[in-house]
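For the sequence shown, the numbering used here gives the first residue as 25, with consecutive numbering after it.
To start, the structure itself, in structure tokens.
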Amino acid sequence: MLDKRQTIIISMGFICLLVSLAPATRAWEDWRLSERGKSTPNQMRVRDLADQGPGENIHVKLVEFQFGKDYVVQRINGQWASVYLPIYPRGTLTDSKQRPPTPKVVIKTGGLNSQKDVESFENCNMLTGVVTNSIDQANFDLGELKKKYPDLKPSAVWVVDVGRSFPTQGTFQMHLGIAGALALIAVVSVVVCLVLPSTNGPLTGGTGPGAEQVIAKRV
Numbered sequence: 025m026l027d028k029r030q031t032i033i034i035s036m037g038f039i040c041l042l043v044s045l046a047p048a049t050r051a052w053e054d055w056r057l058s059e060r061g062k063s064t065p066n067q068m069r070v071r072d073l074a075d076q077g078p079g080e081n082i083h084v085k086l087v088e089f090q091f092g093k094d095y096v097v098q099r100i101n102g103q104w105a106s107v108y109l110p111i112y113p114r115g116t117l118t119d120s121k122q123r124p125p126t127p128k129v130v131i132k133t134g135g136l137n138s139q140k141d142v143e144s145f146e147n148c149n150m151l152t153g154v155v156t157n158s159i160d161q162a163n164f165d166l167g168e169l170k171k172k173y174p175d176l177k178p179s180a181v182w183v184v185d186v187g188r189s190f191p192t193q194g195t196f197q198m199h200l201g202i203a204g205a206l207a208l209i210a211v212v213s214v215v216v217c218l219v220l221p222s223t224n225g226p227l228t229g230g231t232g233p234g235a236e237q238v239i240a241k242r243v
């Protein structure tokens, strides 16, 4: 049975192991993304991305586009975390009453906290981001978008995360190093618990100089 010290140490190790999953996942994603792109973004029209995909470079700079009418807000604890906005080739939507077609390109972005922020974001005429389909085939809210576009399929939609910078060798090594350090702490905590003597056993008096053993008598 673990004593209090051992419980605290093993608990800290378990927490470190759980926390290490985040940077480890990020390192794995960085590696997968870096294998499919370059540090310099490839400028392309949204029409070309929709029809042909990003090609050999998933780091893209999008031009000649217009935003759709609808967007999806992902909330965490009631706060806006991410916004997903369908975009179309410029000239696709010419009538405000026109029913938009099923999107082939969806933009993901953070840092937007209100309708006003969305409207301001939609004024941009160029977007730079990373196509993230290779690490997540359904990393946007399909449930909400499917209400508007019933025939929407994840495999037919390119998701461009404009809040994500293209991973470099430095960021990959940083995330991997953090994950490795936290995992090492977890392993060390287990080893320490195995070699650390438990204090749950009976207490005995010392035998060194000045040690004293006292026997308590029941009155």
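No residue lacks a Cβ here, since even glycine has one placed at the ideal position from N, Cα and C.
Owing to the predicted nature of the structure, the values given are computational and were not obtained by experimental measurement.
| query | result |
| --- | --- |
| Gly37, DSSP secondary structure in three states | helix |
| Three or more C-beta pairs below 8 Å linking the region 33 to 44 and the region 186 to 201 | no |
| Per-residue DSSP class, three states only, for Ala48 | helix |
| Beta carbon of Gly134 nearer than 8 Å to that of Gly187 | yes |
| Anticipated Cβ contact below 8 Å, Phe190 with Val154, distance rounded | 6 Å |
| Own chain partners of Val142 with C-beta closer than 8 Å, once the 5 adjacent residues on each side are dropped | Tyr95, Val107, Leu109 and Leu136 |
| Minimum Cβ-Cβ distance from Cys217 to chain B less than 8 Å | Structure shown: chain B not included; a single protein chain is present. |
| Spatial distance of Thr126 from Pro174 (CA atoms) | 8 Å |
| Simplified DSSP state of Gln76, which is helix, strand or coil | helix |
| Stretch-stretch touch, CB-based, cutoff 8 Å, three pairs: the region 53 to 62 with the region 29 to 37 | no |
| Complete alpha helix (DSSP H) runs within the region 162 to 216 (minimum length 4 residues, chain order) | 166 to 172 |
| Contact under 8 Å by Cβ, His83 with Asn101 | no |
| Burial state of Gln30 (16 or more Cβ within 10 Å) | buried |
| Other residues of its chain near Trp52: CB distance less than 6 Å, five sequence neighbours each side excluded | none |
| Residues near Val184 by beta carbon distance below 6 Å, same chain, minus five either side | Ile131, Gly153 and Val155 |
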